[in-house]
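Residue numbers (full-length UniProt numbering), protein chains in the order written: chain A, 1 to 365; chain B, 1 to 365; chain C, 1 to 365; chain D, 1 to 365.
From the three backbone atoms N, C-alpha and C, an ideal C-beta is built for every residue, glycine too.
Data block below; observations after.
Protein chains: 4
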Amino acid sequence: MALKKAGVLGATGSVGQRFILLLSNHPEFEIHALGASSRSAGKAYKDAVTWKQTDLLPESAKSILVEECKPEGNFAECDVVFSGLDADVAGDIEKAFKEAGKVVISNAKNYRREADVPLVVPIVNPEHLSVVEKKVQEAKAAGKPKPGVIVCISNCSTAGLVAPLKPLVDAYGPIDALTTTTLQAISGAGFSPGVSGIDVLDNIVPFISGEEEKMEWETRKILGGTNKEGTEFVPLPYEQMKVSAQCNRVAVSDGHTECISFRFANRPAPSVEQIKQTMRDYVCDATKLGCPSAPKQTIHVLEENDRPQPRLDRDRDAGYAVSVGRVREDPVLDFKMVVLSHNTIIGAAGAGILIAEILKAKNVI
Amino acid sequence: MALKKAGVLGATGSVGQRFILLLSNHPEFEIHALGASSRSAGKAYKDAVTWKQTDLLPESAKSILVEECKPEGNFAECDVVFSGLDADVAGDIEKAFKEAGKVVISNAKNYRREADVPLVVPIVNPEHLSVVEKKVQEAKAAGKPKPGVIVCISNCSTAGLVAPLKPLVDAYGPIDALTTTTLQAISGAGFSPGVSGIDVLDNIVPFISGEEEKMEWETRKILGGTNKEGTEFVPLPYEQMKVSAQCNRVAVSDGHTECISFRFANRPAPSVEQIKQTMRDYVCDATKLGCPSAPKQTIHVLEENDRPQPRLDRDRDAGYAVSVGRVREDPVLDFKMVVLSHNTIIGAAGAGILIAEILKAKNVI
Amino acid sequence: MALKKAGVLGATGSVGQRFILLLSNHPEFEIHALGASSRSAGKAYKDAVTWKQTDLLPESAKSILVEECKPEGNFAECDVVFSGLDADVAGDIEKAFKEAGKVVISNAKNYRREADVPLVVPIVNPEHLSVVEKKVQEAKAAGKPKPGVIVCISNCSTAGLVAPLKPLVDAYGPIDALTTTTLQAISGAGFSPGVSGIDVLDNIVPFISGEEEKMEWETRKILGGTNKEGTEFVPLPYEQMKVSAQCNRVAVSDGHTECISFRFANRPAPSVEQIKQTMRDYVCDATKLGCPSAPKQTIHVLEENDRPQPRLDRDRDAGYAVSVGRVREDPVLDFKMVVLSHNTIIGAAGAGILIAEILKAKNVI
Amino acid sequence: MALKKAGVLGATGSVGQRFILLLSNHPEFEIHALGASSRSAGKAYKDAVTWKQTDLLPESAKSILVEECKPEGNFAECDVVFSGLDADVAGDIEKAFKEAGKVVISNAKNYRREADVPLVVPIVNPEHLSVVEKKVQEAKAAGKPKPGVIVCISNCSTAGLVAPLKPLVDAYGPIDALTTTTLQAISGAGFSPGVSGIDVLDNIVPFISGEEEKMEWETRKILGGTNKEGTEFVPLPYEQMKVSAQCNRVAVSDGHTECISFRFANRPAPSVEQIKQTMRDYVCDATKLGCPSAPKQTIHVLEENDRPQPRLDRDRDAGYAVSVGRVREDPVLDFKMVVLSHNTIIGAAGAGILIAEILKAKNVI
């Protein structure tokens, strides 16, 4: 079967490098276009990038000529475009690609709050992709050209938060109060400069700009639904689901740890054993669809009292699964537990790849 | 004025070393006896200890002969005895010293839950010392020998938690729900072996044995009162103050960071500005009494959005103050904020020293 | 083909766990016996071990019953026994296994200096195994039972040092002066307790007990030869090869970095380009023999001026290769360069596995 | 006595902040002018700076108006100007200040190699200041206006290297070969961005741009002398003193550790005990002159086998002393040992302050 052609915007950045790693040797996609700033355009990728991954720069990507981030050249032939662009440039560029009819899967925050843009954690709410699926099918039915769409990847810390909540809400009804305190890895901040060494050595920074607001809002969109027409998203109202986040940057390379507490709206609440079993039993749609990157086990529920730990557990199912531990009753809300997710896989580039795999399974790509 | 004679139990351990540092050049106390295991007894202190402090081993302590931990020898002449003993031996030894009529100030957990033992964070609830003050005065009035007493230092993470709450409760009434997620330094775990390097390098351990239970219980004793007779402590009942703690070990040498949320029982709740001002205005009794180690400013309320940070802020007022930052409304409870305290100063040895200073000011020592 | 039966001594320790990981799913060996202290004996392995690896405990090892470290029970049937024992018990136990006719491959230091015991870095001096190969063949020819043998794995920091030197010595003759300053990872020290966190957080410990002596001596045995009869090893005399080591413990989980300088005895010395090419061209015997764990590229010579780096480069060829960078002329000796090796793979358990693969290829196992 | 007026160039940067800390409450100097880029000029210092020190921003500096870096305004009245400017702007600005008759003490590298510019580690070669002292005295004698001068602070890692060598060379004659492998702290690289966190977390970067060349050259100037006229410096020729440096960046906040080896030109070499005693006995001129910041003990020779360690030993004598440990014979050269120096004190801003104190004692300021 012919591989689908993939483009990467912001290819020399931290997220872009991850996209390239995940796309090399991918069974469904191949890298067809790499875009970066005009400073890099025209160079071979290996000369344009300062490669900072533990895996070597894939041979297949080394000599690809970097282009400017415009929907032309090799990008014109792409079936899907992954964007690792910074927010200050992502707005205009992604819009141009959408208008040129491209399927854009973006890690930037710019369009996450747009009413008709799906904000997707692929192991959580792939059903939100139906809004773009519908658009594409309607155009097809009407004999129109395939419309461009933007799908947004959630914030990295939101992904870890909502993953274990999804099956719980499905099984036990709404969560009306949720608190999370995060201990976030530094890789999420990129690396030029990213987080300064002096800020995390023997230290914690109890603040990440905009992060708490993102978590508190995105959670309500991801766990919310759509309007009747299925064309726009309707986040859960604040009164129905109160979310409080406190975000910290710590000396961890990869893997966000979150200490969360939550309360169900319905009484009586389930038992600890019930919610553990529900999380264990959860099989995400991507797994059911047979997507190549989908986790075998979506949520790993650990019984050891000192787990999950980022260094030991972040790579379960290649980073596409989340790990949950220390599930126990909470004196203030109903339950508390620790969630670990790989911020650059299920929280960023990997999520983008898995979204693309789902879209391909649904013939949108 | 003659210096009071001080003994240190567990003198070669991590907490013991801190007691020795804080006692050297102290204006009110001098080291008179050092106790350790029989393996160390009989040696000069410098030969018995593996000194691991950033300050050099004080000259005055180097040649003191280490004794066994018995209320005899030089210990018999001590006015106060500081205990840095491990819990597995503290029980019997501290009891023996108490029965020998000594004032024992202990960092161990063994007697914290005893009804007539004050559990004291000296910048928070020095009034709890009245229970032992009373015992001593009654014995004196009755012409009896001075009775031995044990005063317990709180758990290190409890100290940071209750410090900012005290003035708030005094001003605005009870807190009925409180959550805290801690990011705790490794120095609190001692150093032989203490926390293993591999556990905190590029990692977090989301569990500290017994810590959450201590925080949830001790907070209610420290913020609680006594019976009518003033002879026993009556912790706040669980129903009146629900406390939920989630404890993590992180790669920080000194300084516990806590992300806390809380709700007042009374409505309407005060404003953010009011609680900040109340914390800023708080002057602890030790400061009013002129204790030499008392902080000049008990609670530092920081306005920068990324503070407090352990490396930058843990040493305010030599570690006897706490720092509070990011005070803001909480979507789930009333307020959330970040608290930083120095775990080996106000959370351990330093608390013991300051308790002794208060007891001396009150003529108990 | 039937898998060879492997035993692991010290199975619950740090090195033992690595042996188990490397043996699970191995194409030539299968775990047949696990030995630990009498405290663990009789338990299922999963109940005896505190598993601290990033890979999960292999299913196949979970229920194996741990035995005492004696050459009986399942150990009696083993074709090869890997020892991760601590030095304080390794001496007697390994001797007992040898006397029982076993092939013992040991990570302990006890027998490294024995004249007839090969000290082997498998990518460097597998020819030293001929001494035991000969013993086995002679016994076979004489119709005697297969004799027990001990083969020692080198010290972890020695492995990284000698790997790039071997092809250079082969090509350009003896090195008469060699200095190395190491920056060593903490995983090499095990984890109960291993290196204390407080010792490596914002710190360096410029001392590792016995390490410098090991490096200075082992290098001369590994790069040396045997007597005429091929029965005993004759290390290079000190006068022919002066080695000076300075060892430091740093905050790195896996991967020893060494800054080395060296001078050839012969004049004129080769050029920088020549020695880089010689290292690049080196193919170790294990690779030629087709051993399953042998590195594809034995020595990676990096051209980027800031490499190798432990986090980025330690896993090349699954840790069985070494990486060399910054090869340049040295103002004092001839050349200086940076060498990185994975201390728990090519410097410990992995070396043991690769030695076993070579011995199997040579019909000793 | 009236305090001398001090200006600080590059006042908002990392080195500038350290100058300000060291000047606040200084017994001989007071801050009179602060200079930064035009972006900061006109603002109160507290509004222009992102303060990142463990000590609080001194009250006295908070409201000082930041000026542009020109020898006018408050700078015109300064008796001494400390420069923490980056190399890309230091050249022109420092030249302008010199031409305006100012005494400029610079941490930048720009003028270090100028023949008539002293390159000074104040605890090592204060006699090099005689070149500028002479200029000033000659101008005075001739009735001319006081000439401007530039004095350069050495590279931070050079300072630690030469400190223990100075008394050894004085006592035992030239060192003809010297190797050093450094493990350097991240604070030396500033903090916007400085060293990226991802580069030092579980990692080492074996390269610091330009650092090795600086160490190899500066050492020869600092340990060298002047021409006969005493007007220009003559570094030791390469043939007389071969220096080889290998520089690494590690996860340490403050304090450069160096593993050095060296050989004396004269035979027989002294003994280990002799060189330890010589280093212990060394009293630097600044101490003899009674300079307020001079170390009480210039070189601390430690006997514990695992010291010096940066976290424990970097603050000896407030960072103005160096610590030496593990002095022992070296199999390749004569001796090897470990040197620790505080890179931002004796290796940067502190050195500048101590140079100024010496110049004041000599009436140049």
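Closer than 8 Å to chain C by CB, B/SER187: True, the Cβ-Cβ gap to chain C drops below 8 Å.
Who does B/MET337 pair with in a DSSP beta bridge? B/ILE260
| request: Look up A/GLY173 in the DSSP assignment and say whether it is helix, strand or coil. | output: coil
- Query: Can you find a C-beta in chain B that's less than 8 Å from the C-beta of D/ASP315?
  - Reply: yes
Does the contact criterion of 3 or more C-beta pairs under 8 Å hold for the segment 323 to 337 of chain A versus the segment 347 to 355 of chain A?
no
With A/PRO310 and A/GLY255 assumed to form a contact (beta carbons below 8 Å), what rounded beta-carbon distance in angstroms separates them? Confirmed, about 3 Å.
ask   = In terms of residues, what are the limits of the alpha helix (DSSP H) holding D/LYS95?
value = Where D/LYS95 is concerned, the enclosing alpha helix (DSSP H) stretches over 87 to 99.
Worksheet entry | Interface positions of the segment 244 to 260 of chain B facing chain A (Cβ-Cβ less than 7 Å), listed along the chain | Here the close residues are SER244, GLN246, ASN248, VAL250, ALA251, VAL252, SER253, THR257 and CYS259.
(message) If you reduce the DSSP assignment to three classes, tell me which class B/THR344 lands in.
(response) Three-state DSSP puts B/THR344 in coil, outside helix and strand.
Taking Cβ-Cβ distances below 8 Å as the criterion, which residues of the segment 155 to 181 of chain D are in contact with chain C?
-> ALA177, LEU178, THR179 and THR181
query = Taking Cβ positions, are A/ASP315 and A/MET241 nearer each other than 8 Å?
reply = No, these two residues do not count as a Cβ contact at 8 Å.
Notebook entry, point to check: Roughly how many whole angstroms lie between the Cα atoms of C/HIS32 and C/LYS146?
Noted result: 20 Å
Please list the terminal residues of the continuous alpha helix (DSSP H) segment that includes B/SER130.
130 to 141
Rounded to a whole number of angstroms, what is the C-alpha to C-alpha distance between B/TYR282 and D/VAL121? So the alpha carbons of these two residues sit roughly 47 Å apart.
### When B/TYR111, B/PRO71, B/VAL89 and B/PRO118 are compared against B/ALA100, the one with the closest alpha-carbon
B/PRO71
Tell me the DSSP secondary structure of C/GLU329 in three-state form.
strand
request  = For the alpha helix (DSSP H) containing residue 372 of chain B, list its first residue and its last residue.
outcome  = Not covered by the structure: residue 372 of chain B. The range shown for chain B is 1 to 365.
**Item:** DSSP bridge partner residues for D/GLU30 (one or two, in chain order)
**Value:** D/LYS5
* **Those runs of the alpha helix (DSSP H) which lie wholly inside the segment 189 to 259 of chain A and span at least 4 residues** => Secondary structure in the segment 189 to 259 of chain A: the alpha helix (DSSP H) runs of 4 residues or longer, each lying completely within the stretch, are 197 to 200 and 211 to 222 in chain order.
Query raised in the report: Are the segment 157 to 172 of chain B and the segment 293 to 304 of chain B in contact at 8 Å, needing three or more beta carbon pairs?
Result: yes
inquiry  = Determine, for C/THR298, whether the minimum Cβ-Cβ distance to residues of chain A falls below 8 Å.
reply    = no
Q) From which residue to which residue does the alpha helix (DSSP H) around C/VAL15 run? A) 14 to 23
- Message: Just to confirm, is the Cβ distance from A/ALA265 to A/LEU354 under 8 Å?
- Response: no
**Prompt:** At what residues does the beta strand (DSSP E) containing A/GLU67 begin and finish?
**Reply:** 66 to 68
So is D/GLN17 buried or exposed if we call it buried at 16+ other beta carbons inside 10 Å? Under a 10 Å Cβ-count criterion, D/GLN17 is classified as buried, with 16 or more other Cβ atoms of the shown protein chains found around its own Cβ.
- So is B/ARG328 in contact with chain D if we call contact Cβ pairs under 8 Å? no
Between which two residues does the alpha helix (DSSP H) carrying D/SER60 extend? 59 to 62
Original post:
Can you list the residues of chain A that B/VAL338 reaches, using a CB-CB cut of under 7 Å?
Top reply: PRO206
If we cut at 8 Å on Cβ distances, does D/GLY197 have a partner in chain A? Cβ-Cβ to chain A under 8 Å: yes for D/GLY197.
- Message: Check whether the segment 31 to 46 of chain A and the segment 55 to 69 of chain A are in contact - that is, three or more C-beta pairs closer than 8 Å.
- Response: yes
Local conformation of C/ALA265 per DSSP, three classes
coil
Notebook entry, point to check: Comparing the C-beta of B/ASN203 with each C-beta of chain A, is any distance below 8 Å?
Noted result: Closer than 8 Å to some Cβ of chain A, the Cβ of B/ASN203 qualifies, so yes.
### Query
Going by beta carbon distance, what residues of the same chain come within less than 6 Å of B/TYR172, once the five residues before and after it are set aside?
Cβ within range, chain order: PHE264 and PRO270.
| query | Any idea what DSSP makes of C/VAL162, helix, strand or coil? | reply | helix
**OP:** Check whether the segment 319 to 331 of chain A touches the segment 81 to 89 of chain A, taking contact to mean three or more Cβ pairs, one atom from each stretch, closer than 8 Å.
**Re:** no
* With a 10 Å radius around its C-beta and 16 neighbouring C-beta atoms as the bar for buried, classify B/ASN203 as buried or exposed. => So B/ASN203 ends up on the buried side.
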